[in-house]
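Going by this note's numbering, the sequence shown opens with residue 147, and the numbers climb by one from there.
Below: the structure, in structure tokens.
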Amino acid sequence: MEDREAALLFSALCYEQGHARRTQHILKVYALAQMLARRAALPEEECRVLQAAAILHDIPIRLCKEKYDGDASQPRQQQEAPGLVERFLREAGYPDSFLPRVLELVIHHHAYESRSGRLMQLLMEADLIVNCYEAEPGGETLKQIKAVFETPEGKELFSLWRRGAGKERYEETEHYPDAH
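The structure is reproduced here in structure tokens:
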């Protein structure tokens, strides 16, 4: 399976054709999702599903931008995700049983109000932490993002980002000591 994961990651990075932000985003979300999965002691197959979803979570963006004159909105990405996710998983040699689980995570990883399941939670947290470093949200958006975090590790990493980014003034200062 590790060879499949490496093949999937390589294929996704090549697909992005050197686009710096999207390429780096894939790598960062993948690394954080992998760490969160291991810290949560997920069974190996769940780790593989999560890691595949982390690699592919934003894969529709490029196609949407090209196909819809720059429009990579969530509805467009959800529309294009099934074909892309299936293609990438098949080409990397994943079993058919992975497709529905990975696709569910890819399609709904921004549906923060309806989080369902541990894998979705971990993918959302990994993506949000990376997004915070990349976009530095503030104010009300920051409070909404904070509400998504449930795992001790996600809370701790979010808290560390807030301190490092000087965002503590937007809300009370917290530290999550149970994360270690």
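Beta carbons are placed, not taken as given, at the ideal position from N, Cα and C, and that holds for glycine.
All values derive from a computational prediction rather than experimental measurement.
| request: For my contact list, Gln224 and Ile205 are in at a C-beta cut-off of 8 angstroms; report their separation, rounded to the angstrom. | output: As a first step, residue 224 is located in the sequence shown; it is residue number 78 there, counting from the start. As a first step, residue 205 is located in the sequence shown; it is residue number 59 there, counting from the start. About 12 angstroms separates the beta carbon of Gln224 from that of Ile205, a gap too long to meet the 8 angstroms contact definition.
| query | Hey, how far is the Cα of Arg167 from the Cα of Lys211? | reply | Against the sequence shown, residue 167 aligns to sequence position 21. Against the sequence shown, residue 211 aligns to sequence position 65. About 14 angstroms.
| Out of Tyr258, Thr169, Pro228, which has the shortest C-alpha to C-alpha gap to Leu245? | For the purposes of this step, residue 245 is taken as the residue at position 99 of the sequence shown. For the residues Tyr258, Thr169, Pro228, the minimum Cα distance to Leu245 belongs to Pro228.
| query | What is the DSSP secondary structure of Lys213, reduced to helix, strand or coil? | reply | The residue given as residue 213 occupies position 67 in the sequence shown. Three-state result, Lys213: helix.
| query | Going by beta carbon distance, what residues of the same chain come within less than 8 angstroms of Leu249, once the five residues before and after it are set aside? | reply | Start at 1 with the first residue of the sequence shown, and residue 249 comes out as number 103. Cβ neighbours of Leu249 within its own chain (closer than 8 angstroms, five residues either side excluded): Ala227, Pro228, Val231, Glu232.
| query | Rounded to the nearest angstrom, how far is the Cβ of Arg208 from that of Tyr176, given a contact under 8 angstroms? | reply | For the purposes of this step, residue 208 is taken as residue 62 along the sequence shown, with counting starting at 1. For the purposes of this step, residue 176 is taken as residue 30 along the sequence shown, with counting starting at 1. Not quite, the Cβ-Cβ distance comes to about 17 angstroms (not below 8 angstroms), so this is no contact.
| task | Return the first residue and the last residue of the alpha helix (DSSP H) that Leu188 is part of. | result | Here residue 188 refers to the residue found at position 42 when the sequence shown is read from its first residue. It is not in any alpha helix (DSSP H) - Leu188 carries neither H nor E in the DSSP assignment.
| message | Along the chain, where does the alpha helix (DSSP H) containing Phe295 start, and where does it finish? | response | Within the sequence shown, numbered from 1, the residue matching residue 295 stands at position 149. Unbroken run through Phe295: none, as it is neither H nor E.
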